[in-house]
Amino acid sequence: MSNFAFKSIEEAIYMNGHGIYVWVVLAIVIVCLIGAFGHYKIKLRELKKKFNESN
Amino acid sequence: MIKKFIHQFASPKTYLFQVNKLYSYILYSSIFIYALSITWGLLFVPEDFVQGNSFRIIYLHVPASFLSQSLYAAMAIASVTYLVWRVKLAAYLIIAIAPIGAMVTFIALSSGSIWGIPTWGTWWQWDARITSTLILFIMYLGLISLHNSFSNYEKADKLLSWLVIVGFVNIPIIKKSVDWWSTLHQSASITLTNKPSIDPSMLYPLIGSTIGFFGLIICLVIISSKVQIIKRENTKSWIKDYV
Numbered sequence: 001m002s003n004f005a006f007k008s009i010e011e012a013i014y015m016n017g018h019g020i021y022v023w024v025v026l027a028i029v030i031v032c033l034i035g036a037f038g039h040y041k042i043k044l045r046e047l048k049k050k051f052n053e054s055n
Numbered sequence: 001m002i003k004k005f006i007h008q009f010a011s012p013k014t015y016l017f018q019v020n021k022l023y024s025y026i027l028y029s030s031i032f033i034y035a036l037s038i039t040w041g042l043l044f045v046p047e048d049f050v051q052g053n054s055f056r057i058i059y060l061h062v063p064a065s066f067l068s069q070s071l072y073a074a075m076a077i078a079s080v081t082y083l084v085w086r087v088k089l090a091a092y093l094i095i096a097i098a099p100i101g102a103m104v105t106f107i108a109l110s111s112g113s114i115w116g117i118p119t120w121g122t123w124w125q126w127d128a129r130i131t132s133t134l135i136l137f138i139m140y141l142g143l144i145s146l147h148n149s150f151s152n153y154e155k156a157d158k159l160l161s162w163l164v165i166v167g168f169v170n171i172p173i174i175k176k177s178v179d180w181w182s183t184l185h186q187s188a189s190i191t192l193t194n195k196p197s198i199d200p201s202m203l204y205p206l207i208g209s210t211i212g213f214f215g216l217i218i219c220l221v222i223i224s225s226k227v228q229i230i231k232r233e234n235t236k237s238w239i240k241d242y243v
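Protein chains in written order, with our numbering: chain A, 1 to 55; chain B, 1 to 243.
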């Protein structure tokens, strides 16, 4: 692994003006993944509950 | 013989019990690999000489773009399996993969658009790669809507399988669009036949993020397919042991 590419945390967040693009994309990916896992987990729980109630 | 093999190992029951054993291992190792690779790529890889720090979006965009096409290819394989060998599990997988494919294509399109602002000076351009990827996104949405509009699952599965196979023509178009037409996109930096044109210090976290993202998407497909199996096999006696 290479060294830390920035001089400070602030610089890493700002990324010479490109930070906004990079962090927004990261947020989209995280929200989509957590949202999808959450959605399917809830759906699976509901289906199991419905199945157990009907049997 | 092939038919017997497929039916033995691709029964929804066998699949459900097998993937249940693997799920946690795949999930935790994928989270670890993905988090490590993303941290490496976003904070430790040196700045790109031409694009500056905006190039770091590659670690989020490329895995999504790669998976958006791979998931469609997986749906096409499942469609052929369903139509030729009548494997029910293949039909469940097609509809289980479609929403995840749509989500991954959305990530690819949105991350590409955002990357375009600092790199090309525009968030959207009707060039071959972006347009064919948008068509892929619309195809995923169309397939989901079509399947939901049917009350007869068998008819829906059959029609969906044929449409997936027809739509597969878009995948080589997406792949080759940068070579066939003049587009804003650069040609592929990593190919199977040539040495990668990307520096190893930038390449390794890219490979890691792609493997990690692939694992997470596999986990999503597993949960989504579980939902489909419980929904469609709820009259079978063995499902009680699982639920």
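Glycine included, C-beta positions come from ideal geometry on N, C-alpha and C.
How about residue i and residue j: are their beta carbons less than 8 Å apart?
{"i": "Y72/B", "j": "L136/B", "result": "yes"}
{"i": "S68/B", "j": "T105/B", "result": "yes"}
{"i": "I100/B", "j": "G112/B", "result": "no"}
{"i": "L220/B", "j": "I58/B", "result": "no"}
{"i": "T118/B", "j": "Y21/A", "result": "First, the residue type needs correcting, since residue 118/B is Pro and not Thr in the sequence shown. In this structure, Y21/A lies closer than 8 Å to P118/B by Cβ."}
{"i": "P12/B", "j": "E233/B", "result": "yes"}
{"i": "A98/B", "j": "Y140/B", "result": "yes"}
Anything in chain A within Cβ reach of residue i, meaning under 7 Å, just list it in chain order.
{"i": "M139/B", "result": "What M139/B touches in chain A: nothing, since even the nearest Cβ is about 19 Å away."}
{"i": "V243/B", "result": "K48, F51 and N52"}
{"i": "S224/B", "result": "Y40"}
{"i": "I57/B", "result": "Y21, V22 and V25"}
With a threshold of 8 Å between beta carbons, is residue i in contact with chain A?
{"i": "S110/B", "result": "yes"}
{"i": "G121/B", "result": "no"}
{"i": "K13/B", "result": "no"}
{"i": "G101/B", "result": "no"}
{"i": "S54/B", "result": "yes"}
{"i": "N234/B", "result": "yes"}
{"i": "S201/B", "result": "yes"}
{"i": "L216/B", "result": "yes"}
{"i": "P196/B", "result": "no"}
{"i": "L60/B", "result": "yes"}
{"i": "K240/B", "result": "yes"}
{"i": "L220/B", "result": "yes"}
{"i": "I95/B", "result": "no"}
{"i": "I107/B", "result": "yes"}
{"i": "V227/B", "result": "yes"}
Give the interface partners of residue i over in chain D, defined as CB-CB distance under 7 Å, in chain order.
{"i": "A12/A", "result": "Here chain D cannot be found, since the structure's protein chains are A and B."}
For the alpha helix (DSSP H) holding residue i, just list the boundary residues, first then last.
{"i": "A156/B", "result": "Y153 to G167"}
{"i": "L184/B", "result": "Taken as a continuous stretch (DSSP letters only), L184/B belongs to no alpha helix (DSSP H), as it is neither H nor E."}
{"i": "G17/A", "result": "Neither: G17/A is in no alpha helix (DSSP H) and is coded neither H nor E."}
{"i": "T131/B", "result": "A128 to S149"}
{"i": "S11/B", "result": "Premise fails: S11/B is in no alpha helix (DSSP H) and is neither H nor E."}
Is any beta-carbon of chain B found at less than 8 Å from that of residue i?
{"i": "K41/A", "result": "yes"}
{"i": "K48/A", "result": "yes"}
{"i": "S8/A", "result": "no"}
Starting from residue i, find everything on chain B with Cβ-Cβ shorter than 9 Å and list it in chain order.
{"i": "I34/A", "result": "Going along chain B, no residue has its Cβ under 9 Å from I34/A, so there is no contact; the nearest lies around 11 Å."}
Identify the contact partners of residue i in chain B, using a Cβ-Cβ distance below 8 Å as the criterion.
{"i": "A5/A", "result": "L43, F44, V45, P46 and E47"}
Since residue i meets chain A, which of its residues come closer than 9 Å, beta carbon to beta carbon?
{"i": "I130/B", "result": "Within 9 Å Cβ-Cβ: nothing; I130/B doesn't reach chain A, min ~16 Å."}
{"i": "I173/B", "result": "None at all; the shortest Cβ gap to chain A is about 25 Å."}
Give the residues of chain A in contact with residue i, contact being defined as C-beta atoms less than 8 Å apart.
{"i": "W115/B", "result": "Y21 and V25"}
{"i": "V50/B", "result": "What V50/B touches in chain A: nothing, since even the nearest Cβ is about 13 Å away."}
{"i": "K231/B", "result": "L47"}
Complete alpha helix (DSSP H) runs within the stretch 37-125 of chain B (minimum length 4 residues, chain order): 58-85 and 88-120
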